[in-house]
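Novice:
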Amino acid sequence: EVHQREYLSNGEMKQWDGPVSEVYSPVCIPTSEGLKRKLIGTYPICTEKEAMESLDAALAAYDNGRGEWPTMSVDNRIKSLEKFVYKMSEQRSLIVKLIMWEIGKSYADSAKEFDRTIEYINATIDGLKDIDRQSSRFEMAEGIVAQVRRSPLGVVLCMGPFNYPLNETFTTLIPALIMGNTILFKPPKHGTLLHYPLLKAFQESFPKGVVNTIYGRGSDVTPGLMQTGNINVLAFIGSSKVANGLKKSHPKVNRLRAVLSLDAKNAAIITKHADLKLAVSECILGALSFNGQRCTAIKIIFVHKEVADEFLGLLSQAVENLKIGLPWEKDVKITPLPEPHKPDYLKECIDDAKANGASVINENGGVTSESFVFPAVVYPVNEKMKLYREEQFGPIIPVIPFESIEEPIAYQIDSPHGMQVSIFSNDAKEISSLIDPFVNLVSRVNINAQCQRGPDVFPFTGRKDSAEGTLSVHDALRSFSIRSLVATKLNETNKQ
Ligand code: G3H
């Protein structure tokens with residue numbers, strides 16, 4: 025068990041004597057009242073007062089762009105980050121273990137999340153070196169030389185999601201930090217403890233007040249921070265509803281930059297010319313990796329009527345073969361869900377689909393057992409059902425038969441989301457005819473492949489309500505900075 029009684033603010037590990045939140049693992053253990061989620065630790069439930077103190081510390085460290093960190097040379101900022109990476113790497117086994125226990129992610133995926141984050145930080149360091157190299161002086165107009173700088177924006181509030189509590193928190197925090205901003209960072213509710221081992225590493229690697237933590241209930245502490253008008257960038261990965269609420273709390277929304285990755289309902293389209301075996305294996309990865317709890321997950325499948333039976337047969341077979349178990353079991357694919365309300369919500373979705381004429385076509389699909397939900401293929405889904413538009417964020421695969429390709433195109437046009445799509449076809453002509461309509465509706469079209477964010481160095485964003493700003497390496501470094509120009513008119517003394 026990890027009992028956290030400290031938080032990082034203004035360069036100090038502050039002791040917290042107030043109330044704490046208990047953290048229960050999705051992994052259940054036998055108790056006298058039957059199987060129950062296991063208590064694995066506690067963390068501080070700080071109040072708005074501590075959040076405001078952290079904000080003051082971040083503002084003081086930024087000091088209107090004149091602080092030690094925003095004015096530090098790129099080389100020295102990189103050295104600080106390299107020190108942090110070294111210290112973070114020393115905590116690998118503990119953090120991987122905490123990812124497994126806190127959010128129920130398999131060992132393989134938890135280790136991947138950690139390693140991918142280290143790779144991402146190193147790629148960001150290289151990206152910053154590239155940007156720095158490009159900032160040489162150039163002749164802007166006759167007699168004027170200029171130098172472009174990338175300058176920080178101020179105080180960045182970073183909030184990551186529970187499904188990638190480490191990796192996605194860092195895909196905003198790290199580029200924001202390295203560009204010279206100062207940081208307020210609130211770990212996700214599920215996935216808080218795993219950040220605890222990193223607080224000391226932050227403290228020892230960066231000047232005081234550059235990285236500060238926010239603990240406590242989001243609804244208690246974050247609106248007040250936004251209302252001060254002193255948050256310059258909101259970096260949020262999670263639900264559109266929460267992001268909109270936070271943006272609205274800011275008194276000068278036109279002065280707030282938002283870097284957001286939000287809701288998505290990514291479709292896979294299986295045409296009658298698809299390689300069905302390939303489509304099934306990619307759809308399984310796309311729809312059920314980490315139990316479908318990914319913004320990039322395939323959350324609805326359109327299959328051409330002529331191949332629907334064969335596709336569904338292969339899909340349900342593949343689903344039934346997936347190993348269900350605890351995060352540390354070998355080859356496990358389906359693991360317990362961290363959000364306590366999720367099994368009931370998914371059951372509601374399935375019941376609603378059944379009431380509107382669909383069935384679960386694989387054995388045990390949708391059966392719940394404590395925090396487990398057995399993956400379910402639901403067919404045929406129609407527009408009356410929750411599963412048609414709602415982002416289920418769980419192990420349910422809704423499937424819709426179609427006759428004309430105009431049907432999935434119309435679905436995407438009407439969708440409030442626009443993150444990704446996967447198109448499965450072995451007909452080159454058909455593929456090229458489908459790229460154009462979709463590439464103008466979503467931000468990534470995957471051909472004969474699942475939807476996914478990686479590799480992390482590529483731009484990651486979405487259209488409509490799915491995102492604002494772009495993550496990755498170079499794009500993220502730009503998202504957390506602004507171009508400033510130093511233009512010098514040449515005269516006799518500065519000609520050289
Ligand atoms: O949950 C959203 C993540 O950005 C998904 O990332 O596609 O690498 O699993 P991923």
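When we follow UniProt numbering, the leftmost residue of the sequence shown carries the number 25, and every step to the right adds one. Every residue, glycine too, gets a C-beta built ideally from N, C-alpha and C. A quick note: this is a predicted structure, and the numbers were derived from the prediction, not measured.
Taking buried to mean at least 16 other C-beta atoms within 10 Å of its own C-beta, is residue 158 buried or exposed?
Specialist: Taking the sequence shown and counting its residues from 1, one reaches residue 158 at position 134. The residue is exposed, with fewer than 16 neighbouring Cβ atoms inside 10 Å.
Novice: Tell me the rounded alpha-carbon separation between residue 284 and residue 33.
Specialist: Position 260 of the sequence shown, counting from 1, holds the residue named residue 284. Position 9 of the sequence shown, counting from 1, holds the residue named residue 33. Using only the alpha carbons, I get a separation of about 25 Å.
Novice: With a Cβ-Cβ cutoff of 8 Å, do residue 501 and residue 203 count as a contact?
Specialist: Taking the first residue of the sequence shown as 1, we reach residue 501 at position 477. Taking the first residue of the sequence shown as 1, we reach residue 203 at position 179. For residue 501 and residue 203, yes; Cβs fall inside 8 Å.
Novice: Flag this pair as yes or no: are the beta carbons of residue 331 and residue 423 separated by less than 8 Å?
Specialist: Looking up residue 331 in the sequence shown gives position 307. Looking up residue 423 in the sequence shown gives position 399. Not a contact, by the Cβ cut-off of 8 Å.
Novice: By a C-beta neighbour count over all protein chains shown, 10 Å radius and 16 as the cutoff for buried, is residue 434 buried or exposed?
Specialist: Residue 434 sits at position 410 when you count from the first residue of the sequence shown. Exposed.
Novice: Using only alpha-carbon positions, find the residue among 378, 265, 370 that is nearest to residue 315.
Specialist: Locating residue 315 in the sequence shown gives position 291, where the first residue counts as 1. When each option's Cα is compared against that of residue 315, the closest is 370.
Novice: Under 8 Å, with one C-beta from each stretch per pair, do the segment 50-66 and the segment 354-361 reach the 3-pair mark?
Specialist: At 8 Å Cβ cutoff, the stretches touch.
Novice: Note down the Cα distance separating residue 236 from residue 199, rounded to an integer number of angstroms.
Specialist: Your numbering for residue 236 matches position 212 in the sequence shown. Your numbering for residue 199 matches position 175 in the sequence shown. If you take the alpha carbons of residue 236 and residue 199, they lie about 16 Å apart.
Novice: Can at least three beta-carbon pairs, one atom from the segment 265-275 and one from the segment 289-306, be found at a separation below 8 Å?
Specialist: No, the segment 265-275 is not in contact with the segment 289-306.
Novice: Whole-angstrom Cβ separation of residue 233 and residue 473, contact assumed at under 8 Å?
Specialist: Position 209 of the sequence shown, counted from the first residue, corresponds to residue 233. Position 449 of the sequence shown, counted from the first residue, corresponds to residue 473. Going by Cβ atoms, the distance from residue 233 to residue 473 rounds to 44 Å, so no, they are not a contact pair.
Novice: What separation, rounded to the nearest whole angstrom, lies between the Cα atoms of residue 72 and residue 64?
Specialist: Numbered from its first residue, the sequence shown carries residue 72 at position 48. Numbered from its first residue, the sequence shown carries residue 64 at position 40. Computed Cα separation, rounded: 26 Å.
Novice: Say yes only if the C-beta of residue 106 is nearer than 7 Å to one or more non-hydrogen atoms of ligand 1, and no if none qualify.
Specialist: Within the sequence shown, the letter at position 82 stands for residue 106. Outside the cutoff, so no.
Novice: At least one CB of chain C closer than 8 Å to the CB of residue 505: is that the case?
Specialist: No chain C is part of this structure, which consists of one protein chain only.
Novice: Assuming the contact rule is C-beta atoms closer than 8 Å, residue 445 and residue 417 should be a hit. Round their C-beta distance to whole Å, please.
Specialist: Residue mapping note: residue 445 aligns to position 421 of the sequence shown, counting from 1. Residue mapping note: residue 417 aligns to position 393 of the sequence shown, counting from 1. Rounded, the Cβ-Cβ distance is 18 Å, inconsistent with contact.
Novice: Look at residue 156 and residue 98 and say whether their C-beta atoms are less than 8 Å apart.
Specialist: Position 132 of the sequence shown holds residue 156. Position 74 of the sequence shown holds residue 98. Yes, these two residues count as a Cβ contact at 8 Å.
Novice: My guess is that residue 442 and residue 488 are in contact by the Cβ rule of under 8 Å, so how many angstroms apart are they, rounded?
Specialist: One-based indexing of the sequence shown puts residue 442 at position 418. One-based indexing of the sequence shown puts residue 488 at position 464. Indeed, because the Cβ distance is near 4 Å, the residues count as touching under 8 Å.
Novice: Quick one: residues in its chain with C-beta nearer than 6 Å to the C-beta of residue 122, no 5 flanking neighbours on either side, listed in chain order?
Specialist: For the purposes of this step, residue 122 is taken as the residue at position 98 of the sequence shown. Answer for residue 122: 217, 218, listed in chain order.
Novice: Evaluate the contact criterion for the segment 451-470 versus the segment 244-251: three or more CB pairs, one atom per stretch, below 8 Å.
Specialist: Cβ pair count under 8 Å is below three, so no.
Novice: Is residue 169 near residue 208, with beta carbons less than 8 Å apart?
Specialist: Position 145 of the sequence shown, counted from the first residue, corresponds to residue 169. Position 184 of the sequence shown, counted from the first residue, corresponds to residue 208. No, they are not a contact pair.
Novice: Given the structure, does residue 290 come close to ligand 1, in the sense that its CB is under 7 Å from one of the ligand's heavy atoms?
Specialist: Taking the sequence shown and counting its residues from 1, the one referred to as residue 290 is at position 266. Checking every heavy atom of ligand 1 against the Cβ of residue 290, none is found closer than 7 Å.
Novice: How would you call residue 277, buried or exposed, if buried means at least 16 neighbouring beta carbons within 10 angstroms?
Specialist: As a first step, residue 277 must be located in the sequence shown, where it is residue number 253. Burial call: exposed.
Novice: To the nearest angstrom, how far is it from the Cα of residue 390 to the Cα of residue 399?
Specialist: Locating residue 390 in the sequence shown gives position 366, counting from the first residue. Locating residue 399 in the sequence shown gives position 375, counting from the first residue. C-alpha separation (whole angstroms): 6 Å.
Novice: Counting C-beta neighbours from all protein chains within 10 Å, is the total for residue 214 16 or more, i.e. buried, or is it exposed?
Specialist: Here residue 214 refers to the residue found at position 190 of the sequence shown. The residue is buried, with at least 16 neighbouring Cβ atoms inside 10 Å.
Novice: For residue 139, which residues of its own chain have a beta-carbon under 6 Å away from its beta-carbon, when the five flanking residues on both sides are left out?
Specialist: On the sequence shown, residue 139 is found 115 positions in, with the first residue counted as 1. No residues qualify anywhere along the chain.
Novice: Whose C-beta lies closer than 6 Å to the C-beta of residue 377 among residues of the same chain, with five residues either side of it excluded?
Specialist: As a first step, residue 377 must be located in the sequence shown, where it is residue number 353. Contacts found: 402, 409, 411.
Novice: Taking 7 Å as the line, does the beta carbon of residue 476 fall inside it for any heavy atom of ligand 1?
Specialist: Walking along the sequence shown from the start, residue 476 turns up at place 452. Residue 476 Cβ: within cutoff of ligand 1.
Novice: Who are the near neighbours of residue 261 in its chain, counting only those whose CB is closer than 6 Å to its CB and skipping five residues on each side?
Specialist: Against the sequence shown, residue 261 aligns to sequence position 237. So the qualifying residues of the chain are 184, 185, 192, 285.
Novice: Excluding five sequence neighbours on each side, which residues of the same chain lie with their C-beta closer than 6 Å to the C-beta of residue 225?
Specialist: Mapped onto the sequence shown, residue 225 falls at position 201. Same-chain partners within the cutoff: 108, 111, 112.
Novice: Where in the segment 175-262 do unbroken runs of the beta strand (DSSP E), each at least 3 residues long, occur, reported from the N-terminal end onward?
Specialist: If we require 3 residues or more, the beta strand (DSSP E) runs fully inside the segment 175-262 come out as 179-183, 206-210, 235-237, 257-261.
Novice: When DSSP labels each residue in this structure, what does residue 463 get in the three-state scheme?
Specialist: For the purposes of this step, residue 463 is taken as residue 439 along the sequence shown, with counting starting at 1. Of the three classes helix, strand and coil, the one that applies to residue 463 here is helix, per DSSP.
Novice: Within the same chain, show all residues whose beta-carbon is closer than 6 Å to that of residue 273, passing over the 5 residues directly before and after it, in chain order.
Specialist: Numbered from 1 along the sequence shown, position 249 holds the residue referred to as residue 273. Cβ neighbours of residue 273 beyond the five flanking positions: 247, 250, 251.
Novice: Rounded to whole angstroms, what's the CA-CA distance from residue 189 to residue 125? Just pull it up for me.
Specialist: Locating residue 189 in the sequence shown gives position 165, where the first residue counts as 1. Locating residue 125 in the sequence shown gives position 101, where the first residue counts as 1. Those two C-alpha atoms are separated by around 12 Å.
Novice: Please state whether the Cβ-Cβ distance between residue 55 and residue 28 is less than 8 Å.
Specialist: For the purposes of this step, residue 55 is taken as residue 31 along the sequence shown, with counting starting at 1. For the purposes of this step, residue 28 is taken as residue 4 along the sequence shown, with counting starting at 1. In this structure, residue 28 does not lie closer than 8 Å to residue 55 by Cβ.
Novice: Could I get the ranges of all uninterrupted alpha helix (DSSP H) runs contained in the segment 350-387, with 4 residues as the minimum, in chain order?
Specialist: You should have 366-379.
Novice: Straight-line CA distance for residue 505 to residue 175?
Specialist: Counted from its first residue, the sequence shown places residue 505 at position 481. Counted from its first residue, the sequence shown places residue 175 at position 151. One C-alpha to the other measures close to 5 Å.
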